[in-house]
Amino acid sequence: METHLIVNMLLDYLGTLRHWTMARVLCRETRAIVNTRPYMDDLYGARTFIRQNQCMGCFKHVEKPRWLIYTALPIEFRRYAVTCHHYHCQVSALFSMIRDLRSNSIHVLKAPFQDTLDIAVPRSDGSETPAKAVIHGLVRVGNEYCIMTRWSDITKNFQKNVPWTHYFPNTSPEFIFKDLDM
Ligand SMILES: [Zn+2]
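When the letters of the sequence shown are read in order and numbered with our numbering, they come out as residues 8 to 189.
Okay, structure coming up:
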């Protein structure tokens, strides 16, 4: 009971994302409290018409807002959420994003799988084409996680989802918050 009270007070009154993360890793008990607190699950990123100084969670005016960029989406579909610094709004935006993307079969990786966007895409004739990859998320196609790639020539844009196992035959992708039931 005491831990519960302290954690909730900490989060409510001091709450930044750092405190939230701390409470999450402190111990199993505090982690359970953090994980069961209610978050808004509809704080979705927008593509346009963003009010740059208004939190999309609590609607308060923010001087230096936090921007959550949907980097797991291809750049032309990218969306943005603007929040204040309170962990509740930030975590809500984060969870909303993960859930929203997942409903479109896109899964957010714990860390980008490589440092560069450049990737060589295997072609059916055995050659390889230089392309750009989405490095923060994977799309699930059937039973397979795939890397989303794009390239273009003078006339056309191309895209191809290349199975993760083509590049990483021996490692499984790691996704964020896979321990959370969302
Ligand atoms: Zn807020």
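Don't be surprised by glycine CBs; every beta carbon is placed ideally from N, CA and C.
Reduced DSSP secondary structure (H/G/I, E/B, other) of residue i
i: residue 69; result: coil
i: residue 159; result: strand
i: residue 164; result: strand
i: residue 182; result: strand
i: residue 99; result: helix
i: residue 79; result: coil
i: residue 48; result: coil
i: residue 23; result: coil
Whole-angstrom distance between residue j and residue i, CA atom to CA atom
i: residue 45; j: residue 96; result: 11 Å
i: residue 115; j: residue 77; result: 9 Å
i: residue 122; j: residue 105; result: 22 Å
i: residue 66; j: residue 82; result: 27 Å
i: residue 60; j: residue 50; result: 16 Å
i: residue 151; j: residue 170; result: 7 Å
i: residue 39; j: residue 138; result: 42 Å
i: residue 160; j: residue 131; result: 17 Å
i: residue 37; j: residue 163; result: 52 Å
i: residue 29; j: residue 94; result: 11 Å
i: residue 174; j: residue 85; result: 25 Å
i: residue 178; j: residue 133; result: 24 Å
i: residue 119; j: residue 144; result: 8 Å
i: residue 74; j: residue 25; result: 16 Å
Per DSSP, cross-strand counterpart(s) of residue i
i: residue 74; result: 89
i: residue 61; result: 68
i: residue 176; result: None, per the DSSP bridge assignment.
i: residue 169; result: 154
i: residue 53; result: 87
Nearest-angstrom beta carbon gap, residue j and residue i [assumed within contact, 8 Å]
i: residue 68; j: residue 23; result: The Cβ separation is near 18 Å, so there is no contact.
i: residue 64; j: residue 99; result: 5 Å
i: residue 126; j: residue 156; result: 6 Å
i: residue 108; j: residue 79; result: 6 Å
i: residue 181; j: residue 117; result: 4 Å
Any chain D beta carbon closer than 8 Å to residue i
i: residue 61; result: Among the chains of the structure shown, chain D does not appear; only one protein chain is present.
- Query: Taking only runs of the beta strand (DSSP E) that begin and end inside the stretch 112-156, which ones reach a length of at least 3 residues, in chain order?
  - Reply: 113-115, 125-129, 135-140, 144-148
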